[in-house]
Amino acid sequence: MEDACYLFETILDRDVVSWNAMIGGYVVQGLGDDSFQLFHAMMAEGT
84 MEDACYLFET
94 ILDRDVVSWN
104 AMIGGYVVQG
114 LGDDSFQLFH
124 AMMAEGT
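The sequence shown begins at 84 in this note's numbering and counts up one residue at a time.
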C-alpha cells in the first residue's frame, strides 16, 4: 500500500477511477478506517 499511496499522491488530476482503486485497495488490505477517511477526502475534494 505504501507504493500505491505514493503513486496516488503524484496524480495531479484524480478521477473517480483512481479514488476507487485506492479505496478498494485499503478495503482488500483490511484497512477499513483508512478507506473511509479516503472516501471523505474524495468528497471534500469534490470528485
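Beta carbons are placed, not taken as given, at the ideal position from N, Cα and C, and that holds for glycine. All values reported here derive from a predicted model rather than from experimental measurement.
- HIS123 and ASP117 have their C-alpha atoms spaced approximately 10 Å apart.
- Distance check between GLN120 and each of GLY129, GLU92, ILE106, ASP98 places ILE106 closest, using alpha-carbon atoms only.
- Per DSSP, reduced to three states, the secondary structure at THR93 is helical.
- Per DSSP, LEU121 is one residue of the alpha helix (DSSP H) stretching across 115 to 128.
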